[in-house]
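Colleague: Dropping the structure in here first, questions after.
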Amino acid sequence: MDKLPVHVLAFDDVHDQTHVDATKEAAAILALLGRLGAVAAPGVPEAVAWDLNTVEERLVQWAASGGERTSVLLWIGHGKGKNRQASLLVPGNRENTRAARIVPQTLAWHLHDEASRRVAPHWAFVVVEACGSWGFVDRVAEELTAVGATAEKELALLLVGSGQHLGPGHLGTFREKMAEVLDGFTDHDRDIEPGELAHRLNAHDGVYARAIGCSRQLPLRPRTAHPLPVTATVEDYDRLHRLLDTQTDSALAHFLRSGVCSGFTELSWGFTGRAADRRAVARWAADPHTPGMLIVTGAPGAGKSALLGNLMLHAYPAVGEELHAAGFADRLDPDLALPAVDAVLHLAGSTLDDVVGGLTTPLGIAPAEPGLTLQVRIAALRKAVEGRPHTVIMADALDEAREPLLVAGLLRELAPLTGVRLVVGTRPTAPAPVVGHRPPGDVSRVPEEQTPGADPVPPSGRGTRAASEELLDALGRDTGHAQVHALERDAEAVNRYVTHSLRGTPGGLSAEAVDGVADIVRERVENGDWEFLHASLVVQEIQQSPELLRPERLADLDRMLAHDQRGLFNSAVRRIAEGFPQATPLLAALAHAQGRGLPRADQVWATVADALAPAGVAPADADIARLLHRAAAYVLLDGEDGHTVHRLAHRTFADKFLERSGPHERAAVLRALVALAADRVEAAPDVPLPGHLTRHLSAYAAEAGPDGWRELAGCPRVLDRIDVPALAGDVLSAGMSLTSEAGNAGRLPGGVLGTVASAHLIRAASPGDRPGLRQLGAARTTGEHTEAGPDAAWRVCWSRVARHFPHLPLDGHVRPVKELVTWEAETTVLASGAEDGTVLLWEPWAGHAPVAALPGPLRSSLLAMAALPPGGGHGPRLAVAHNDRTVRIWDLGDTPAVHAATDVPTILTGMAAVPGPRLALTGTQGYVALWDFTRPTDRPRSGAEPAGRVHGVVSVAQRRLVTVDEGGYVKVWDASGEAPRSLVSGRPATPPTALAVLPGAPGVVRFATAHTEGAAGDAKTAAEVTFWTLTDDGLAQDGEPLHTGDSALTAIGAITGPGGGTRLVTAARDGSLYLWDPHTRTRTGVLREEASAPTVRILSVTGPTLVPLPATAARRDSAVRLWSPHTSGAPVGAAGSSEADGQDGTPDTGGPADRALAGVKSVDRALGPDGEELLLLGLRDGTRRVCSAADGADRTTGHDRPARLPGMLPELPDKLGARLRDWAVLDRRRTALALDDGVIVVEALQRRPAGQGETES
C-alpha cells in the first residue's frame, strides 16, 4: 500500500475530566506512523468542535471512505469504567456542559459498517487510548459478531487498547510502545503483517492488541529514510544507522542504493592492522597474470571476515573514509588500490540456489523464468559473466554455507572466466553436521575448559568423512586458477586493536591498566593460544564492565584473561544472563538455527528458546529486545524470506552451545516448531506457513533423527506445507534407510517418504492434491496407508499398487555426469565424473552433498575413471583420464592429492584396476595398455596392434582383462606381464560396445555384452544382451541372448539380487530401467518406466545396509541417481486394509497372487451374491481378479454381476505417477482407478477453489 490514511478523533477537553493534549499526541502518533506510510486522511478537518453528533459524523465518514484501502482510526481521549462497563467519554454538546458516552456496541456497529464497505485484502487498524481502553476494546470485539459479522475474515481488524486493563490510561503510552515495536523491525523486514504487529504490541505492558481475521491481509510496508539491509552485528547495525541518519547524502547511502550487496562482510568496529595481508591482496588484484580466485583462509577467529570487510572499504574509498571518521576502521591506505566490487555474498546458511539468485541482481542478469532448473540458471549466469569485461565478486563464510561444496564448485567454475576476480573467505573445512540419531545417552558433552586455543571437536555423526582442507580443494587451489592466502597471527595488530578500543571506552580507563591488558593479550596471541576473535571478546567484556580494571577487581580480570576461547565466551554469556535467565536459552536457540538464522517474526525465535529453557523460564518477545540490547556485539543481523533473522556472530559461538546439545534438545526444538506450525495452520488453513518453517522445518526434523521424522509425519497438515525440494534434500542428508527392509525404527515414515517419492507429481499439482499424492507415494514405496488430512481435495481410500523405490538424486555437478565408479563392496563411497572434468566423491547414505571435489585440467573434458583399491599402506585411489591425453592418479587421503600422472598417445575410452597395483588403459586405434603407476618414470605399455576403437575394458580374476572393440570382438587379455597379451576372443551376432561383469560364485567369471546406442559405428542393432562364461579352457557364449524388446539400449550393468542371485540392469533409449534374471532371461522389475534423459552408465553401489543398489548417470543430466531393486516391482497387499499388514504392523510384501495386480488394464463395478460391492479387474496378461470395493481384499466369488454406475471421473491431477487405464464410479464421491501399477480407490472430499493454480514446490 502506498499510503496509510489516519482518521483522528482527539478530545482535549471533556466535562468533569482533566485536560489532556490529545490533539498534540495524535499529531505525534501520526508522525510516528509515518514510518509505515501514514498520512492524515484527506478531506477531514483537523479542528472540530466535538460533540456527540460530530463524533457520529466522523465515524460514518470513516466507514464510508472504505474501498481499496487500509486505514487507521485513532481515538485519543477519556474513558470510564472497566471490563463490561467500559465506555468512552465525549462532549455531549458544543458547549461541553456534560459528557456523553460511546459504548462498545456503538463503535462495533461502525467497525462492521466499515468492514462491509472495504475491499479484501485491506484491513482496519483501530487504536483507542483512554482509561479503561483494554476492557472497552475487548467488549468491542465481542460485540462485532452480534451486529452481524458472520466470519472473522470478513472483519479484518486490528484493535488496540492503550492503557491498563482495570486502571487508568496514560497519554503517550501507545506512541512509546509502538515506537519500541517499530524499532524492533529492521531494513530486512519488507513488510509487517497485522498479526505480527499485534503479537509484538501485546508483549508490552499497558497495551492490549487483538487481531481479528487478519491472516491474509495486506501487510504494512515500513518506510526507512536510509535503508540499511546489511549483514552485521546488532551493535554495528545501530552504529551504521546512526551514521546514515546524520549524513543525508552520504557515500554509504549511495553505495547501498547501488545494489552491489545485500550486506557487508563483517565490518569490525575499530579494525586495525593486517597491512601486509591487505597489500598481498592488492598485489593479487593488480596483477592480471595471477589466478582468478583468491582464497582468504585461516584458523577460527583469525579475522577473515573483518579483513574482507576492510578490503571492501578500500574498493570504495569514499565509503571507507566515512566509516573511518565514524570509528569503524583505520584510515585507508592511500597506496592500496583495489577494484570496485560488483557483488558481495555472505554465504552463511546459503544453498547453491541462493547464491545463483544472489548474483542475479548485482550482475545485471535478468531474473530467471519460473520453472527453470538450477543447471539452466547456472549456465545463464556463466554466459552473463563471460559477456562482461570484468567482474569482481567478494564471498565470505563459505564454510558456513548450507551446501558449501556445491557453492565452492560454482565459484570454482567462475574463477577461470576472463575478467573474473573472486575473493573468497572461508575456513579450510566445513563443520561436520550435527547428527540427530546418535545412540541413546550420547550427548557429547564437553567440559567448560579445554586445551587453550583448541578448536571445538564437532559431534560425531554423518558427514564425518571430511578432508582437513576440503573446501580449499573444492575451490580448486591446485588447478592454477586459485591462490590461497592464509592469515597468520598478528600480535602487534591485536595489541593496537585492544589499546585503541579500550582507550576509546566512554568514561575513560587508566592508560596503565589498558596497556597491561593489551600486553597480556598480545602474549596470548604470540603463544598461539588466541586469535583476533578472543581479543575482541576481552574488549567487549571490559567495555561492558569497565570496573574490571579497578584494583579491587584485578583478580576477576586475571581469571578472565586466563581463560581459553571457551572460557571467554562462557564469561560473556554469564555476564549477559546475570539477572536475566531468559538470555541463555535465547542465545542457545540461535545456535540451533537453520538457514541464515532465526526470525523474530512469527514467534519462531521465542518458540525455539522456550523449548530449550528450563521450567519457569519462558522467553517472550520483550526478552528478545532486551537480549539484543545486552548482547548486541554477539548477535548477527541478516535477512531471509523478507524478514530479519538473527544468528550468533561467529561460528565458534554456536559451536559452544551445540557441544552441550543432545538428542533431547533437538527433539524438543522440533516438537515446539511443529506445534507452532500446527497452530498456524489451525488458525488460518488457507495461509502459507512462515518462510522459515516452510523451508527449514524438515532440516530440524533431520537433526532430531528418527523421532524427528516421525514427529513431522504425525502432523500431515504441517508436512503437506513444507517445501518439497527442501524436504527431499534433508531426507537425503538424514542418513536413514529409505527401504522398507530396514524395519520400523530405521526407516523414514511413510508420509515423509511418500512426499519425496511423489515430489515430481506434487510440483505440478494444486495444494489440495498434495495429500492424496503423498498417500500414493507412501503406498508405492512402503505399502503403508497414511491419512490424507483435512486439507485434501481427495484421498486414497485404499490401494494395491506395485512397490518401487524412490530414487535418490545426488545433485552437485554443473555439467552432465559421464562416469561412475566405486570401490569394494564394504564401502559406500561413490565417485562421479562430469563432462567438464570435475570429479565429486559422495557418501550417499551420510549426506546428499559431495564430500570432496577433485579438479580437472583447464578446458579438458573427462573421458574415463577407475577405482583403485587400498593396499600397501595407502588408502583408496582414483584414476581419472581427460581428453588432453593425460591420466592422473589421485590419493584420496585426508587431503586428496595427485599421486602420479602420465600422458598417453591416444584418446582413452576405458580404464580398469589390475592387481599389482597397475592400471589397464584402452583407447582408439586398438590401444590396450598397462601402466605401473608406482614407478613415476614408467610409461603405459601397449600390447595391441593398431586397429579400431576399443570401447571398454573390465578387470576379472587371475589378472585377466576383457575388452570389446569396434571390430565386433570380445577379447580376453593376460595382464600379468608388463604389457597385455591377447589370449582368446569371440564374436557375437550383435557387435558389442558395452560390457558388465556379473557377480556370482568365486572362481566363475561371467559377463554380459550388448550394443548400446550412441557408440562409435552405431547402427540399428537388435536390443539384445549376450552372456559369456570365461574358464581356463576358453571363452564361450552362455545360452541364447536376452531380447529386451526395446528399440535400443544405452547402457547395461549388474548387481547382486535377492538371495545372492544376479540381476542385470538395462537402460533403454526411452529412459526406462529394467531388472532381469540372467538365468531365466525374464524381467523381474522396473526401476523407471521412461525419462527424457537416456542412461549412459550403470554401477553397483553398496547401500545403507550393505545391500548393492544400482546407480545411474544419464545424458543431459548433472545428477547421479540411486535406485533400489529390492522393492521394485514387488506389489503389496492393499494399503489401508488390515489384510495388507503383517502381524508386527509392517507392510506385507504380498504373495504371488498379489503380484498380478501390477498392470491393471480395466476395472468394473460389480455386486456379489450377497450384495457386496466388488471390483472386477482385468489384467494385461488376460486374467481377471475380483476384490472388495471397500478394502481391496481378494474375493473368489463366481456369481458377481457387473453394475456400472453412470458418472464422471473426479477432478484429479493430470499425473498420478502411472498411466490411467480405466475407471469405475462407485458412488457420488468414490471412484476406482485402474493404473499401470495397480488399482486404487479415491474419494473426492472438497470442491477446488475457483481459479486455484498450480503450486511451486
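The working numbering puts the first residue of the sequence shown at 1164, with every later residue one more than the last.
Beta carbons are placed, not taken as given, at the ideal position from N, Cα and C, and that holds for glycine.
Look at the Cβ atom of Leu1508, then the Cβ atom of Ala1448, and state whether they are nearer than 7 Å.
Modeller: No.
Colleague: In three-state DSSP terms, what is Val2116?
Modeller: Three-state result, Val2116: strand.
Colleague: Inspect the CB distances between the stretch 1241–1253 and the stretch 1189–1199 and report whether three or more fall short of 8 Å.
Modeller: These segments do not touch.
Colleague: How far does the alpha helix (DSSP H) with Arg1442 in it extend, from its first residue to its last?
Modeller: Looking at the DSSP string, the run of the alpha helix (DSSP H) that includes Arg1442 is 1438–1449.
Colleague: Tell me the residue span of the alpha helix (DSSP H) that contains Trp2286.
Modeller: Taken as a continuous stretch (DSSP letters only), Trp2286 belongs to no alpha helix (DSSP H), as it is neither H nor E.
Colleague: Do Val1680 and Arg1652 come within 7 Å of each other at the CB atom, strictly closer than that value?
Modeller: For Arg1652 and Val1680, no; Cβs fall outside 7 Å.
Colleague: Mark Glu2176 as exposed unless 16 or more other C-beta atoms lie within 10 angstroms of its C-beta, in which case mark it buried.
Modeller: That one is buried.
Colleague: Near Val1583, what residues of its chain come up, given a Cβ to Cβ distance below 7 Å and the 5 sequence neighbours on each side ignored?
Modeller: Contacts found: Gly1455, Val1548, Thr1554, Leu1577.
Colleague: Taking the CB atoms as reference points, tell me whether Leu1237 and Val1290 lie closer together than 7 Å.
Modeller: For Leu1237 and Val1290, yes; Cβs fall inside 7 Å.
Colleague: Looking only at its chain, what residues have a beta carbon closer than 7 Å to the beta carbon of Ser2118, apart from the 5 residues adjacent to it on each side?
Modeller: Within the same chain, Ser2118 has close Cβ partners Ala2075, Ala2076, Val2077, Ala2083, Leu2124.
Colleague: On the criterion of 16 or more Cβ atoms from any shown chain inside 10 Å, does Leu2372 qualify as buried, or is it exposed?
Modeller: Burial call: exposed.
Colleague: From this set, Asp2390, Ala2356, Asp2354, which residue's C-alpha is nearest Pro2369's C-alpha?
Modeller: Considering only alpha carbons, the answer is Asp2390.
Colleague: Quick one: what's got a C-beta closer than 7 Å to Ser1296's C-beta in the same chain, skipping five residues either side?
Modeller: Closer than 7 Å at the Cβ level, and outside the excluded window around Ser1296, lie Gly1242, Gly1324, Ser1325, Gly1326, Gly1332.
Colleague: If I follow the unbroken beta strand (DSSP E) through Asp2128, where does it start and stop?
Modeller: Residues 2123–2128.
Colleague: Do Ala1956 and Gly1931 have their C-beta atoms within less than 7 Å of each other?
Modeller: Result yes, Cβ atoms of Ala1956 and Gly1931 sit closer than 7 Å.
Colleague: Check Ile1925 in the structure and name its three-state DSSP category.
Modeller: Three-state DSSP puts Ile1925 in a helix.
Colleague: Within 10 Å of its beta-carbon, does Ser2210 have 16 or more other beta-carbons around it, so buried, or fewer, so exposed?
Modeller: It is exposed - the Cβ of Ser2210 has fewer than 16 other Cβ atoms within 10 Å.
Colleague: On a Cα-Cα basis, can you pick out the residue from Leu1195, Ala1414, Thr1387, Gly1229 that is closest to Thr1336?
Modeller: That would be Leu1195, whose Cα lies nearest to the Cα of Thr1336.
Colleague: Look at the Cβ atom of Val2228, then the Cβ atom of Pro2162, and state whether they are nearer than 7 Å.
Modeller: Going by C-beta atoms, Val2228 is not nearer than 7 Å to Pro2162.
Colleague: In the structure shown, what three-state DSSP assignment does His1452 receive?
Modeller: It is coil, neither helix nor strand.
Colleague: Give me the residue from Leu1569, Ala1920, Ala1462 with the minimum Cα distance to Asp1692.
Modeller: If we check each option's Cα against that of Asp1692, Ala1462 comes out closest.
Colleague: Can you check which of these residues, Val1919, Asp1179, His1477, Pro1208, is closest to Val1169 by C-alpha distance?
Modeller: Ranking Val1919, Asp1179, His1477, Pro1208 by Cα distance to Val1169 puts Pro1208 first.
Colleague: By DSSP, does Met2074 sit in helix, in strand, or in coil?
Modeller: Met2074 falls in the strand class under three-state DSSP.
Colleague: To the nearest angstrom, report how far apart Leu1252 and Glu1306 are at their CA atoms.
Modeller: Using only the alpha carbons, I get a separation of about 19 Å.
Colleague: If you drop the 5 nearest sequence neighbours on each side, which residues of the same chain put their C-beta closer than 8 Å to that of Ala2402?
Modeller: Here the sequence assigns Val to residue 2402, which means Ala is not the residue at that position. Excluding positions up to five away in sequence, the list reads Ser1962, Arg1963, Val1964, Leu2320, Val2323, Val2326, Leu2338, Leu2340, Cys2350, Gly2355, Ala2395, Leu2396.
Colleague: Check Val2428 in the structure and name its three-state DSSP category.
Modeller: Since the first and last residues shown for the chain are 1164 and 2420, residue 2428 lies out of range.
Colleague: Please determine, among Asp1765, Pro1869, Leu1406, the residue with the shortest C-alpha to C-alpha distance to Leu1856.
Modeller: The shortest Cα separation from Leu1856 among Asp1765, Pro1869, Leu1406 belongs to Asp1765.
Colleague: Is Met1557 helix, strand or coil by DSSP?
Modeller: Three-state DSSP puts Met1557 in a strand.
Colleague: May I ask you to verify whether the stretch 1376–1385 touches the stretch 1341–1361, counting CB pairs closer than 8 Å and requiring at least 3?
Modeller: Segments in contact, yes.
Colleague: Can you give the beta carbon distance from Arg1232 to His1285, rounded, assuming they're within the 8 Å contact cut?
Modeller: Confirmed, about 6 Å.
Colleague: Around the Cβ of Ala1452, are there at least 16 other Cβ atoms within 10 angstroms (buried) or fewer (exposed)?
Modeller: Reading off the sequence, residue 1452 comes out as His, not Ala. Burial call: exposed.
Colleague: My guess is that Ala1740 and Leu1775 are in contact by the Cβ rule of under 8 Å, so how many angstroms apart are they, rounded?
Modeller: With a Cβ gap of about 13 Å, Ala1740 and Leu1775 do not count as contacting.
Colleague: Assuming contact is defined by CB atoms lying nearer than 7 Å, are Arg2278 and Pro2257 in contact in what I supplied?
Modeller: Their beta carbons are under 7 Å apart, which means Arg2278 touches Pro2257 by this criterion.
Colleague: Spatial neighbours of Arg2382 within its chain, please: C-beta separation below 8 Å, excluding the five flanking residues on both sides.
Modeller: Contacts found: Leu2398, Asp2399.
Colleague: Answer yes or no: do Val2147 and Thr2126 have a C-beta to C-beta separation smaller than 7 Å?
Modeller: No.
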